[in-house]
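See below for the structure under consideration.
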Amino acid sequence: ILGGVPAPERKWPWQVSVHYAGLHVCGGSILNEYWVLSAAHCFHRDKNIKIYDMYVGLVNLRVAGNHTQWYEVNRVILHPTYEMYHPIGGDVALVQLKTRIVFSESVLPVCLATPEVNLTSANCWATGWGLVSKQGETSDELQEMQLPLILEPWCHLLYGHMSYIMPDMLCAGDILNAKTVCEGDSGGPLVCEFNRSWLQIGIVSWGRGCSNPLYPGVYASVSYFSKWICDNIEITPTPAQPAPALSPALGPTLSVLMAMLAGWSVL
Amino acid sequence: LVHRQPENQGISLTGSVACGRPSMEGK
Numbered sequence: 045i046l047g048g049v050p051a052p053e054r055k056w057p058w059q060v061s062v063h064y065a066g067l068h069v070c071g072g073s074i075l076n077e078y079w080v081l082s083a084a085h086c087f088h089r090d091k092n093i094k095i096y097d098m099y100v101g102l103v104n105l106r107v108a109g110n111h112t113q114w115y116e117v118n119r120v121i122l123h124p125t126y127e128m129y130h131p132i133g134g135d136v137a138l139v140q141l142k143t144r145i146v147f148s149e150s151v152l153p154v155c156l157a158t159p160e161v162n163l164t165s166a167n168c169w170a171t172g173w174g175l176v177s178k179q180g181e182t183s184d185e186l187q188e189m190q191l192p193l194i195l196e197p198w199c200h201l202l203y204g205h206m207s208y209i210m211p212d213m214l215c216a217g218d219i220l221n222a223k224t225v226c227e228g229d230s231g232g233p234l235v236c237e238f239n240r241s242w243l244q245i246g247i248v249s250w251g252r253g254c255s256n257p258l259y260p261g262v263y264a265s266v267s268y269f270s271k272w273i274c275d276n277i278e279i280t281p282t283p284a285q286p287a288p289a290l291s292p293a294l295g296p297t298l299s300v301l302m303a304m305l306a307g308w309s310v311l
Numbered sequence: 384l385v386h387r388q389p390e391n392q393g394i395s396l397t398g399s400v401a402c403g404r405p406s407m408e409g410k
């Protein structure tokens, strides 16, 4: 995030850090106990999902708090139109975790925006652990930034070509104050407040660099993909849970207990 | 599974807790 400030704890409890080989690479957001929403391009480079981990309840990448949880990935569903009609079009990924998230005051789901959501004069924020300067500096602290949405005709004008911005994308950024998202923020949420609830309207996707404010950040439109997201979560079975097993130390103890109970039953 | 919240035009994908409601409000 360029031009942001450190986010207070518990302010964005749906924020996810996507780790690849132990390093933060992308953001994501919690949809429910098993599902995280992120960007397809965060998962495209390597199909081995075993190398990815999801962290929730995290504010500082180097400090695990009381509510920090770590999850392995069970499956990743990329949108079928990813890279089909645009180099970074259809940039949506649904990530199913192997085990369920335990909600707390630091770990909560976000709402999804519907196609009919009215974005006029909305209070919108982006969050992430991406680059914080055009020189490539990073921050371990989650950054937050309030930013205005940019209407589609203006975004077309700024990017200078009609085909760059597709109907499944939206633009946001503070052109005057050079506030925008950057590398490492991808997959993270753009949320807006409606009636005291936060709805996710965008997924950080792409932009022409981060340092030129005249090229705003481009986000995958959540309302455009909301039906696909809901349908896929609904039809995908929850992962099989491992059967509970007795620990070697507990086995003999239970055997003794069972023998005692058997003796009592005779009495 | 899908619970629409008409008052805020949002979709909640979980029935166990309210979506989009942090316990700490930003200033």
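Just so you know, the sequences run in chain order A and B. If you count by this note's numbering, then the first sequence holds residues 45 to 311, one letter each, in order. If you count by this note's numbering, then the second sequence holds residues 384 to 410, one letter each, in order. Where a beta carbon is used, it is the ideal one built from N, C-alpha and C, also for glycine.
- Contacts with chain B at 7 Å (Cβ-Cβ) include Thr158 of chain A.
- Taking 8 Å as the upper bound for CB-CB distance, Ser82 of chain A and Ile247 of chain A are in contact here, some 7 Å apart.
- Contact of Arg119 of chain A with chain B by beta-carbon distance below 8 Å is absent, the smallest such distance being about 16 Å.
- Between Pro405 of chain B and Tyr78 of chain A, the alpha-carbon positions lie close to 19 Å from each other.
- If you draw a straight line from the Cα of Ser270 of chain A to the Cα of Gly393 of chain B, it comes to about 10 Å.
- DSSP places Ala216 of chain A within a strand segment (E or B) once states are collapsed to three.
- Setting aside the 5 residues that flank it on each side, Ile219 of chain A is surrounded in the same chain by Pro257, Leu258 and Pro260, each with a C-beta closer than 7 Å to its C-beta; the list follows chain order.
- For Asp275 of chain A, the secondary structure class from DSSP, reduced to helix, strand or coil, is helix.
- Counting the other CB atoms within 10 Å of its CB gives Lys223 of chain A a total of 16 or more, which places it among the buried residues.
- The C-beta distance from Val161 of chain A to Met213 of chain A rounds to 16 Å, too long to fall under 8 Å, and the pair is not in contact.
- DSSP links Gly101 of chain A through a beta bridge to no other residue.
- The residues His85, Ser249 and Trp250, in chain order, have a CB closer than 7 Å to that of Ile132 of chain A in the same chain once the five nearest residues on each side in sequence are set aside.
- Arg54 of chain A belongs to the set of residues whose beta carbon lies under 7 Å from a beta carbon in chain B.
- Leu201 of chain A counts as exposed, since fewer than 16 other beta carbons sit within 10 angstroms of its beta carbon.
- Exposed is the label assigned to Val107 of chain A, since fewer than 16 other Cβ atoms lie within 10 Å of its Cβ.
- Contacts between Ile95 of chain A and chain B, judged by CB atoms closer than 9 Å, are missing: the closest CB pair is about 26 Å apart.
- Around the beta carbon of Tyr268 of chain A, 16 or more other beta carbons lie within 10 angstroms, which makes this residue buried.
- Within the region 140–157 of chain A, Phe147, Glu149, Leu152, Pro153, Val154, Cys155, Leu156 and Ala157 place their CB atoms closer than 7 Å to a CB of chain B, listed in sequence order.
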